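Trainee: Below you will find the structure I want to go over with you.
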Amino acid sequence: MTKIIDGKLIANKLKHDLKNEIIQLKQKYNKVPGLAVVQVGNVAASSVYVNAKTKSANEVGINVIDHHLDDNVTEDELINLIKKLNTHNEVDGILVQLPLPKHVDEQIILDTIHPNKDADGFHPLNVGKLSISSKNENNLLIPCTPLGCILMLKSLNLELKGKNAVVIGRSNIVGKPMVQLLLKESCTVTIAHSKTENLEKICSTADILVAAVGKPEIVKENWVKENAIVIDVGINRIQKKINGEIKNKLVGDVDFSQVKEKVFAISPVPGGVGPMTIACLLINTTTAFKNKISKNY
Ligand code: GUN
């Protein structure tokens, strides 16, 4: 029987443990972690994510400070807000929801977030630390989606060492950090992307396949090796004919109904990586809080 990796269940367990940890931190230090969430404009998907992140943070006892800015905010205004949050005593983590409007340079904004408060792990210093760190460092701020994927893989309690892992997608947010995390687990990692030749053949060699390419249901049954583990990072909103009616549907990068018949384990969309990304944001915020206490900055 194929194992369906239930991201919602794993994320709920992580949040439960985090809530208890935050209760203990509060008893000890009389403070709780604080997360500043910055959203610019009204991109519908961003609003869904930001609301889900805020709700989950509140549930575990993280104090959320919301900043919802107008679409036409200038780059300088956004930089000034982040600089204020960088020195704000009650803010331990800062999250700027992406994408930002075209007139704002995303990299400049991400570079402005203080690396110690970088709840997303996107700052170049944290990107570098991830690539040179050893396996056992637990104070790193790691991009939330790939961290969630690794925790899902670990939930299977299988040896990851030496496995052939293929990551489809080379984004800074998912693909590249995913490679680093798999390397840390001593996997042999191939990074493929939309321009890769023989993509299907390369994927079919994978013991672990992470699909983060942003193409709805591109990974078909003949792309996967028998008994592989498949993590689907895609979140694609498509229209599909169901019972003669056109309906909106959320699908991953993997053709779930085909692929699930062949593999050992697979994460669904929705209910897979999505909830894990949110749980990992809360973990990072708490890590930033604990780092501040232990390093006294
Ligand atoms: N937009 C899509 N994914 C993410 C994410 O993980 N973090 C932020 N800040 N924005 C996103």
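Under the working numbering, the first residue of the sequence shown is numbered 419, with each subsequent residue one higher.
We put the beta carbon where it would ideally sit given N, CA and C, even for glycine.
If you're wondering where the values come from, they're calculated on a predicted model, not measured in any experiment.
#1: Going by alpha carbons, who is nearest to Asn590 out of Phe540, Asn490, Gln657, Lys501?
#2: If we ignore side chains and look at the alpha-carbon of each, how far apart do Asn582 and Arg588 end up?
#3: Once DSSP output is grouped into helix, strand and coil, what is the label at Ile500?
#4: Would you please state the rounded distance, in angstroms, between the beta carbons of Ile696 and Ala429? I believe it to be under 8 Å.
#5: In the structure shown, what three-state DSSP assignment does Lys431 receive?
#6: For the beta strand (DSSP E) containing Val514, name the first residue and the last one.
#7: To which residues of the same chain is Ser573 closer than 8 Å at the C-beta, ignoring the five residues directly before and after it?
#8: Looking at C-beta atoms only, is the number of pairs between the stretch 610-625 and the stretch 651-668 that lie closer than 8 Å three or more?
#9: Between Val637 and Ala629, which are expected to be in contact by the criterion C-beta below 8 Å, what is the C-beta distance as a whole number of angstroms?
#10: Are the beta-carbon atoms belonging to Ile736 and Met570 less than 8 Å from one another?
#11: Looking at the structure shown, is Thr614 part of a helix, part of a strand, or coil, going by DSSP?
#12: Would Asp538 be called buried (16 or more neighbouring beta carbons within 10 Å of its own) or exposed?
#13: Quick one: grab the DSSP three-state call for Glu663.
#14: Kindly provide the chain-ordered list of residues whose Cβ lies closer than 6 Å to any non-hydrogen atom of the ligand GUN.
#15: With the cut-off set at 8 Å, would you say Gly511 and Ala706 are in Cβ contact?
#16: Thinking Val642 and Val691 are a contact (beta carbons under 8 Å), I'd like their distance in whole angstroms, please.
#17: What do you reckon, are the CB atoms on Leu453 and Leu513 nearer than 8 Å?
#18: Applying the 10 Å Cβ sphere with the 16-neighbour rule, what's the burial state of Thr505?
#19: Taking the alpha-carbon of Ala470 as reference, which of Asn714, Pro693, Lys708 has the nearest alpha-carbon?
#20: Given Ile609, which residues of its chain have a CB within under 7 Å of its CB, disregarding the five upstream and five downstream residues?
#21: On the DSSP letters alone, give me the boundaries of the beta strand (DSSP E) that Gly452 sits inside.
#22: Roughly how many whole angstroms lie between the Cα atoms of Ile653 and Thr563?
#23: Quick check on the burial criterion: 16 or more other C-beta atoms within 10 angstroms. Buried or exposed for Gly566?
#24: List the whole-angstrom C-beta distance separating Pro517 from Asp529, where the pair is believed to meet the contact cut-off of C-beta under 8 Å.
#25: Between which two residues does the beta strand (DSSP E) containing Leu487 stretch?
Mentor: Working from what's here:
#1: Phe540
#2: Whole-angstrom Cα-Cα distance: 17 Å.
#3: helix
#4: 7 Å
#5: helix
#6: 511-514
#7: Ile423, Ile428
#8: no
#9: 5 Å
#10: Because the chain is modelled from 419 through 715, residue 736 falls outside the range shown and cannot be assessed.
#11: coil
#12: buried
#13: In the structure shown, Glu663 sits in a strand (DSSP, three-state: E or B).
#14: Leu513, Val514, Gln515, Leu516, Asp538, Cys562, Thr563, Ile591, Thr695
#15: yes
#16: About 17 Å separates the CB atoms of Val642 and Val691; that is not less than 8 Å, and the two are not in contact.
#17: The Cβ atoms of Leu453 and Leu513 sit closer than 8 Å to each other.
#18: exposed
#19: Considering only alpha carbons, the answer is Pro693.
#20: Val585, Arg588, Gly593, Val597
#21: 452-458
#22: 12 Å
#23: buried
#24: The pair is not a contact, with the Cβ atoms about 16 Å apart (cut-off 8 Å).
#25: 481-487
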